[in-house]
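Residue numbers (the numbering used here), protein chains in the order written: chain A, 101 to 278; chain B, 101 to 278; chain C, 31 to 287; chain D, 31 to 287; chain E, 19 to 373; chain F, 19 to 373; chain G, 6 to 76; chain H, 6 to 76.
Backbone N, C-alpha and C define an ideal beta-carbon position, used for all residues, glycine too.
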Amino acid sequence: MTEKTFMTGFGGQGIISMGQLWVYCAMKEGLKVTFFPFYGAEKRGGIARASVIVSDSEITSPIVTVADSVVIMNQDSVEIGEKVCKEGGIICVNSSLVKKDPARPDARIYHIPCNEIALKLGNVRVANMIMMGALSKVTGAVKLQDLDTILPSYFSSNKRSLIEINIAAVEEGKKVVA
Amino acid sequence: MTEKTFMTGFGGQGIISMGQLWVYCAMKEGLKVTFFPFYGAEKRGGIARASVIVSDSEITSPIVTVADSVVIMNQDSVEIGEKVCKEGGIICVNSSLVKKDPARPDARIYHIPCNEIALKLGNVRVANMIMMGALSKVTGAVKLQDLDTILPSYFSSNKRSLIEINIAAVEEGKKVVA
Amino acid sequence: MEIAYKHPKSLKSIQTKYCPGCGHGVIHRIIAEVVDEMGLQTRAIITNPVGCSIYADMYFDFDSVQPAHGRTPAASTGIKRMLPDHLVICYQGDGDLAAIGTAEIIHAANRAEKFTTIFVNNAIYGMTGGQMAPTTLVGQHATTAPEGRDPINAGMGYPIRVCELLASLEGTKYLARGAVNNMVNIRRTKKYIRKAFEAQMRGEGFTMIEILSQCPTNWQMNPVESVEWLEKNMIPYYPLGEIKDTLSTAAAPAQAH
Amino acid sequence: MEIAYKHPKSLKSIQTKYCPGCGHGVIHRIIAEVVDEMGLQTRAIITNPVGCSIYADMYFDFDSVQPAHGRTPAASTGIKRMLPDHLVICYQGDGDLAAIGTAEIIHAANRAEKFTTIFVNNAIYGMTGGQMAPTTLVGQHATTAPEGRDPINAGMGYPIRVCELLASLEGTKYLARGAVNNMVNIRRTKKYIRKAFEAQMRGEGFTMIEILSQCPTNWQMNPVESVEWLEKNMIPYYPLGEIKDTLSTAAAPAQAH
Amino acid sequence: MAEEIRLMKGNEAIGEAAVRAGCRAYFGYPITPQNELTAYMARHMLARGRTFIQAESEVAAINMVYGAASTGARAMTSSSSPGVSLKQEGISYLCGADLPAVVINVARAGPGLGGISPAQGDYFQATRGGGHGDYYTIVLAPKGVQEAADLTYEAFGLAEKWRMPVLILADGLIGQMMEGVVLPEPIDPVNLQRKSWAVGHSVEMARPYNHISSINLIPDELEAMNRKRFERYAQIKKELIRYEEIEVEDADIVFVAYGTSARVSHGALQIARAKGMKVGLFRPITLWPFPYEQLYRLAERGKRFLCVEMSMGQMIEDVRLAVSGKAPVYFYGRCGGNIPSQEEVFAEALRLSGK
Amino acid sequence: MAEEIRLMKGNEAIGEAAVRAGCRAYFGYPITPQNELTAYMARHMLARGRTFIQAESEVAAINMVYGAASTGARAMTSSSSPGVSLKQEGISYLCGADLPAVVINVARAGPGLGGISPAQGDYFQATRGGGHGDYYTIVLAPKGVQEAADLTYEAFGLAEKWRMPVLILADGLIGQMMEGVVLPEPIDPVNLQRKSWAVGHSVEMARPYNHISSINLIPDELEAMNRKRFERYAQIKKELIRYEEIEVEDADIVFVAYGTSARVSHGALQIARAKGMKVGLFRPITLWPFPYEQLYRLAERGKRFLCVEMSMGQMIEDVRLAVSGKAPVYFYGRCGGNIPSQEEVFAEALRLSGK
Amino acid sequence: MAIKGSIEIDRERCKGCLLCIRACPTKVLGVDSEPNSWGYFPSRVIAQEKCIACGNCYDVCPDVAITVYKL
Amino acid sequence: MAIKGSIEIDRERCKGCLLCIRACPTKVLGVDSEPNSWGYFPSRVIAQEKCIACGNCYDVCPDVAITVYKL
Ligand SMILES: Cc1ncc(C[n+]2csc(CCOP(=O)(O)OP(=O)(O)O)c2C)c(N)n1
Ligand SMILES: Cc1ncc(C[n+]2csc(CCOP(=O)(O)OP(=O)(O)O)c2C)c(N)n1
Ligand code: SF4
Ligand code: SF4
Ligand code: SF4
Ligand code: SF4
């Protein structure tokens, strides 16, 4: 099993932490992982992307150019996201911000209204965790079962209070696509 | 015609200016020339050497390793000087300071009491010019006839007064070996 | 209805890449205004340094040269010597000027090079993400001073007052320190810049304006907090004003209006 | 019959390569004497700089390190941080310290590095044959200032007073300027060195002794003339004495005896 | 104790490996994309009471390393391309004085200020000595976070054994990428032996005074020093060469690539093999000494080579030197911060296989 | 007017040639064995009201050149080995910003502080770029004082034509030796055209504002810049390669050597020919671009090569790349400041002829 | 009589740093609740009539997003 | 009563800079007319009896060529 995911959005949407937590969990689940972030040079607060791979065997190229699954967190990222998805792959879009679907009729597209659900949970910043939950569910690649042990050391002490809402967000995400 | 000369002595004896004036004159006489100085790393006031070549054709290696003629200005330089002289070459020694001859029975050795003659002329510092005059005479390679036009621009203005004695020294040198 | 304050001509009308609240923006504007006021747009050349202001050439609408990190004063020397009738603006950050470029600024200043240095002191390395600068205050946190700058136990050195350091050099003719925290200081800083540019065009010698500037991003504050931090912490340590002025008396004193 | 003055133990008894009358020799001797007096020969390390004193390691009879030109303060930083209980002597010429090594000396000083710099100011580049140094006096001739140092028209810069420049840095604890022109100044300079070495061993911070020293060869004078030139020209421009002393009060003031 | 796998960025893993190798002194100057390494050292060296200095420049940093190394301490600096250029004089001095040191280059795109994305354009500088004079440094090229940690850890020992700097040539991807890593056993620097050649503690070491230097104005002596150093180099070539071969046995086309481009090429190899193409990968781990003979032997067996680099073609010269006309050597390169994709590399191999 | 022959040191001839080429700005820092060059420029640039600055360091000097070159002025710096190492970052920037400049290296023995006697140990640095990133500089290697003057004079034009730095790789012998030299016609800088790409005088040039820079954080754009530069490099390889062949036609053994070692090899050739041995000399004048094809053609004709260098073997890699296994390449090298004698080189040829 | 002024904010240029709000002596400015296309919440005029054209907002704005008019 | 001294000059170590002659308050020293083996004309004692062991000559000697004794 190898799951190559390409995550894309804009700076501040938590693309990097989504990717990092994804591979943290995968590692705990016994998988090999690579995570490679890319920050756009274009402007601050600009694009944020990550190549994320989890696998039960050695990972060769850590750059995801043909993705099994793609996460698209905002409208601007659709163009790059739809290009990178493999034939018949999975595309998870944040339907709160993406109003025009990727032009990939072959792909399995999931619409997750991340911002809305996150706002409902009380913090728009956990939109990324909703997405991660959904991704877990639709790919089955990473179970995310160890988040509760991972988050306490992932968050700096002043953010510890946010652990619960993050875990809740992941669970919500799983449910949306269930 | 190619005359390769190796000049050696200690710093302050005017080895460098002897070599430079030799090639200046040679150039005026229509020859090709190279002059390469070497200052000992051992100590200040230490050895001074020069590879000096004049020729009527293109000069290849500017380093004199097998010399047609050798100038030895002090006792310490005998060792290196006698090594560098070609079979049957010319060795001019400053007999004022060199008390033990080079061990080269094959060579034509000339003894020039440079310091003594120079002192007689009134300035021990023209010992090198005496030697150069002798060298001119014994090798015939450079006539040194243009010294009077060369020296005025060679000497800095405060040394112009020394032109005459230098020329006289060269003439003396030519005479000693005549 | 008359326009009282509007975008200067020498500054392109595009969105900058600076973070919200970053002091570089105001500094750019006042430089551009002075260039406009002096009618020097076509004869101005800026050396944009390696640092957050690396893209200054995209914002200033005049010629520019982008030298190696810290070597802007050396490059400016080369430029100004070749083009003595041009206005050469050597823009530098505190990492650029006071760390890697220490030798270059000191010697350009000592040679009385006739360009003007705009020295943006934000007490941190901005572009590389918040490392300690030579001007970082004691106790101030940085990624490379995780427990705060500690000159004693960690031997991290003391914050350097650059104007005061350069003042002892005979080549420095005009050294002033301004800030962009509020209108009064901004306008005063602009006066300093004008005075320096005028001295430069008269060929008087080395001129430098140090400008205290906020870096909200790497200070990890919002812009308003950062301005307040600057006021409470930086200004007391880095006194504002004209630190050295040996310009010819022809030059009028710079006053805030 | 008792020996009053004799060759110090920490200085090897060999002929140096310095020119006749060169000031480096006296400076070597007084350093060695202080090292002997303090019993530190086995714990002393000198960084011998690129310059005429490049062979200092052949003369001093203790450990030595030979760093790149101008980087002696950086290397001394590395050494002293690793060996805090050793005496680290950072020997530098004026080209080494005040030109290529400007950044290194300023930042080592600012970090309050706990080694002692011996700064030999002979107002010229000795080893390379008489080029202008940052400390060359105005009007003084050098191969690269053929008509004399000219700060105005040729833009060659002004002679830098290094002690005064460093004095504004908080990391500098003791800065003194001596000379080797006569017995009084030599003995006073030795006191400064002793005071600095003692401060170093107490771990107080950056200490430096600048020493005005003659270079007869490149000044193109005989030794006696060169000492007189130093007295008439250098001492008036580079005032002798303790320029900065913020050592703990435990330390006795350095007096000539 | 079971080996714990930690998820780390390459930059951090290099830092932690250095700490565990008993590095006593780190000197660095910030530059992207290696800033996490400097920050990591700030936190972890200071916390252990070891020396961390943010130097005033890269030039100062390498010379601080020179000083610390002179005392026999394990010392390191890190930077990225422009900063490493500034260290060239210092590296030449370290070599001339036979001092051990570890230098990390997390390379980015050049020339000049260039970009901050990964590149392999510093190969020449690393393997030919960007500095002056005849010298080499050992150059190790990790392909990922684990190897970055392992090679860094080992580098300190190699540097001491051979009395010379060891350069880790990584790139922005290796530095910024996160992978799982099992870290080596920590060494406490106090347990490391004092060096007989170093300065300091002469009494405890019962030795004559030591002089660390690279100067010798007498040509014959300097030449002798150089020749002795080159004898050591010859020995290193015998003992140290390291490389990885993947499915080269039956391969017609062999990719030659190191570090990141080797990872990508490995991916291309998998695509090719899946399509039945006989493709292999030869990955030098030591860039100096370079595995010339090993490649030559493959060339003799009739294989063709596709050199894949994130540059305009630098290692390819070593590959051509290795095969010495015995086999065709092709090139596929990207630069400017672009990383070739495994699909691009595969496509290139496919194109060649038709030749 | 008859051509006047002047007796000059190489260092002075380089200086005078630069002055005559219309060099408007010289920036340098003292270092042996090129001090006469800096001193010459001090006298003659200042006397003409041009810019001479003794910079605070080599790093400052190359960046002053960068600034002056940005204005389109002819600018130069000079140094020797350790100082040239310090210029590597700056040279990489000049290349990245496509700026013309002339850089002189009067090389000495390394590594480290080494010695002050002549050496050729900076060949790798010069031809492979000691700095970071993909770039080359034109490298010209004079064999004597006349050629040093001629190539320096020409270098300014080449630098402008190709918008890149030109490096003159000389050594302490070329710099210190005196020979007769006929100097080129002086150009008054005021007669040189203003450059459309330079900063300054935008109104007079009626152009939009210019930006001199080497940064581009967008990989695709930076890659495109690089590729364009490499197209120029390809063109240079077509147009510029220069070399001298002496008696290679019937030669069995061909010396390959440049600069000083070529002079010595020429002497060895004469000894050999006098003894009836068929020996030739191939002397690259452009070290970059290197005359690969020309050597390859000789290799195809069955000649053997003896590479003679004042190093532990650097150019030999280019010779081996050139002949690509087609012919044996032998090496004879001295280093540490030693210059091989023509007798030594001849002896080596003799030894080989027996093989 | 006090000078009367009015200001114009370029919503797209504004990065929402709010320094102008702090600088305005007469409290002309407030924060917009709608983000601009960069995602920043720009400042906006909430009390135009109080503007005295002092230019403080213009002066402190790092993004030259404000034009000030004298009425 | 004044201290009496005597000095010893290492002729081979001396480089003939003559700084000691300048430094000596009682004119104990003069120049030798014979060069040493380095070619330098060293200083020499011309009036030993005047020596007061002040050490001035020792202090200024760059070559540590002088040893001073108190009698
Ligand atoms: C030789 C070299 N070293 C380091 C860097 C990395 N670098 C880029 S910007 C910078 C410092 C920026 O800080 P500062 O000068 O204070 O400017 P700011 O970004 O704060 O405006 C550094 C270290 C570089 N590009 N080149
Ligand atoms: C990088 C580098 N630049 C230049 C030199 C040449 N160099 C050797 S010594 C020296 C200056 C010596 O002057 P100073 O430091 O004043 O010492 P002094 O010789 O006068 O005692 C220079 C420039 C060098 N060795 N390395
Ligand atoms: S990081 Fe700091 S200096 Fe850089 S743009 Fe942002 S606020 Fe300004
Ligand atoms: S050149 Fe000057 S500094 Fe150097 S040894 Fe001679 S007198 Fe001393
Ligand atoms: S100061 Fe400028 S950028 Fe900041 S909120 Fe006000 S208008 Fe917007
Ligand atoms: S001071 Fe010393 S070296 Fe000089 S003359 Fe006197 S004894 Fe000789």
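Review point. Counting only beta-carbon atoms, is T72/G nearer than 8 Å to chain C?
Key: yes
Review point. What are the start and end residues of the alpha helix (DSSP H) that includes L24/G?
Key: L24 to A28
Check your understanding: What do you reckon, is the C-beta of I130/D under 7 Å from a heavy atom of ligand 6?
Key -> no
Practice item. Assuming N41/H and C56/H form a contact by the criterion Cβ under 8 Å, report the distance between their Cβ atoms to the nearest whole angstrom. Key: About 22 Å separates the two Cβ atoms, so there is no contact after all.
Check your understanding: Is P252/B buried or exposed, if buried means 16 or more other CB atoms sit within 10 Å of its CB?
Key -> exposed
Review point. Any beta-carbon of chain F closer than 8 Å to the one on A98/D?
Key: yes
Exercise for review: Pull up the distance between the alpha-carbon of K128/A and that of D246/A, whole angstroms please.
Suggested key: 7 Å
**Study point:** Where T239/B falls: helix, strand or coil (DSSP)
**Key:** helix
**Study point:** Bridge partners - K274/D, DSSP secondary structure assignment
**Key:** L205/D
**Study point:** Proximal chain C residues relative to A172/D, where beta-carbon distance stays under 9 Å
**Key:** What A172/D touches in chain C: nothing, since even the nearest Cβ is about 15 Å away.
**Study point:** Span of the alpha helix (DSSP H) around H54/D
**Key:** H54 to E67
Review point. Looking at the C-beta of M82/F, does it have a partner C-beta in chain C at a distance below 8 Å?
Key: yes
Exercise for review: Could you say if the region 95-108 of chain D and the region 125-138 of chain D meet the contact criterion of at least three C-beta pairs nearer than 8 Å?
Suggested key: yes
Practice item. Tell me whether Q211/F is buried or exposed, calling it buried when 16 or more other Cβ atoms sit within 10 Å of its Cβ. Key: exposed
Point to revise | Residue burial classification, Q53/H (beta-carbon count within 10 angstroms, cutoff 16) | key: exposed
Exercise for review: Consider the Cβ of E74/F: report whether some Cβ of chain D lies at a distance smaller than 8 Å.
Suggested key: yes
**Study point:** Contact set between the region 56-69 of chain D and chain H, restricted to residues whose Cβ is under 7 Å from the partner
**Key:** V56 and R59
Exercise for review: Report the residue from G69/C, G160/C, A133/C and Q45/C whose alpha carbon sits nearest the alpha carbon of G125/D.
Suggested key: A133/C
Check your understanding: Is DSSP giving S231/F helix, strand or coil here?
Key -> coil
Check your understanding: Cβ of T46/D less than 8 Å from any chain H Cβ?
Key -> yes
Check your understanding: Do M157/C and ligand 1 come close, with the Cβ less than 7 Å from some heavy atom?
Key -> yes
Exercise for review: Check whether the Cβ of V347/E lies closer than 8 Å to any Cβ atom in chain D.
Suggested key: no
Practice item. To the nearest angstrom, report how far apart H287/D and Y227/E are at their CA atoms. Key: Residue placement at H287/D cannot be trusted, given a pLDDT of 43 that sits under 50; what the coordinates show is reported in the next sentence. Going by the C-alpha atoms only, they are around 33 Å apart.
Practice item. State the start and end residues of the unbroken beta strand (DSSP E) segment that holds P137/A. Key: K132 to Y139
Review point. Mind checking if L34/G is an interface residue toward chain C, Cβ cutoff 8 Å exclusive?
Key: no
Exercise for review: Assess, as a yes-or-no matter, whether the region 112-120 of chain E is touched by the region 83-100 of chain E under the definition of 3 or more beta carbon pairs within less than 8 Å.
Suggested key: yes
Check your understanding: What are the boundary residues of the alpha helix (DSSP H) that includes M243/E?
Key -> P237 to E257
Exercise for review: Could you please give the first and the last residue of the uninterrupted beta strand (DSSP E) stretch that includes K27/E?
Suggested key: I23 to K27
Practice item. Just mark R218/D as buried or exposed, buried being the case when its beta carbon has 16 or more other beta carbons within 10 Å. Key: buried
Check your understanding: How do the region 81-89 of chain C and the region 211-223 of chain F stand: do at least 3 beta-carbon pairs fall below 8 Å, yes or no?
Key -> no
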